[in-house]
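Under the UniProt record's numbering, the first residue of the sequence shown is numbered 1, with each subsequent residue one higher.
Here is the structure we will look at.
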Amino acid sequence: MSKGQGFGFSLGKMKELTEAFKKAQQVQEGAKKLQEELDQMEIEGQAGGGLVKVILSGNQEPRRVEISPDALGEGADVVSELVTAAMKDAYNNSTATMRERMEELTGGLNLPGM
Numbered sequence: 001m002s003k004g005q006g007f008g009f010s011l012g013k014m015k016e017l018t019e020a021f022k023k024a025q026q027v028q029e030g031a032k033k034l035q036e037e038l039d040q041m042e043i044e045g046q047a048g049g050g051l052v053k054v055i056l057s058g059n060q061e062p063r064r065v066e067i068s069p070d071a072l073g074e075g076a077d078v079v080s081e082l083v084t085a086a087m088k089d090a091y092n093n094s095t096a097t098m099r100e101r102m103e104e105l106t107g108g109l110n111l112p113g114m
């Protein structure tokens, strides 16, 4: 090592590194808050024009299933298909919500893998 080079970090590089750590800490704090918000959300999926509804949290935890009495008259096979379709819809809605919220949280940070 020649004199004055240290470990190859200039003051500018140290400032960039410090800023990166600050941003990472902000994202970590934001992620914790987002996790709490997602847990409180209710995201709905539907099938059969609303005959069956599945409600998940924003973290994709099942909350409840609502089945219209009109759907029950269609038989078990139809109700099963409607519940499955509503679950898929709720999952897709939940995934899209999570992705949008994470993009809001990390937007502009240019984090690898995000």
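Glycine included, each C-beta is placed from N, C-alpha and C at the ideal position.
Alpha carbon to alpha carbon, how far is residue i from residue j?
i: Met1; j: Gln25; result: Confidence at Met1 is low in this model, with a pLDDT of 46, below 50, so its placement is unreliable and the value that follows should be read with caution. Taking the straight line joining both Cα atoms gives about 33 Å.
i: Leu56; j: Glu19; result: 37 Å
i: Met98; j: Arg63; result: 17 Å
i: Leu76; j: Phe21; result: For the sequence presented, residue 76 should be read as Ala rather than Leu. Near 55 Å, if we compare the C-alpha coordinates of Phe21 and Ala76.
i: Gly107; j: Leu51; result: 38 Å
i: Val78; j: Gly45; result: 17 Å
i: Ala85; j: Gly48; result: 9 Å
i: Glu100; j: Lys88; result: 18 Å
i: Ile67; j: Leu34; result: 30 Å
i: Val54; j: Lys32; result: 26 Å
i: Lys23; j: Glu103; result: 14 Å
i: Met41; j: Leu82; result: 23 Å
i: Glu61; j: Gly30; result: 21 Å
i: Val65; j: Glu36; result: 22 Å
May I ask you to report which of helix, strand or coil DSSP gives residue i?
i: Glu74; result: coil
i: Leu56; result: strand
i: Gly50; result: helix
i: Gly30; result: helix
Keeping to the same chain, check which residues put their C-beta closer than 6 Å to that of residue i; ignore five residues upstream and five downstream.
i: Ala96; result: none
i: Leu38; result: Gly58 and Asn59
Against chain C, with Cβ distances strictly below 8 Å, would residue i count as a contact?
i: Lys53; result: No chain C is present in this structure, which holds just one protein chain.
Since I believe residue j is in contact with residue i (beta carbons under 8 Å), could you give me their beta-carbon distance rounded to a whole number of angstroms?
i: Ser94; j: Gly58; result: 6 Å
Can you list, in chain order, the residues of its chain with a C-beta nearer than 8 Å to that of residue i? Leave out the 5 residues immediately preceding and following it.
i: Ile43; result: Ile55, Leu56, Ser57, Gly58, Ala90, Asn93, Ser94 and Thr97
Short of 7 Å in beta carbon distance, which residues of its chain neighbour residue i, apart from the five on each side in sequence? Order them along the chain.
i: Asp70; result: Leu51
i: Lys13; result: none
i: Leu72; result: Val79
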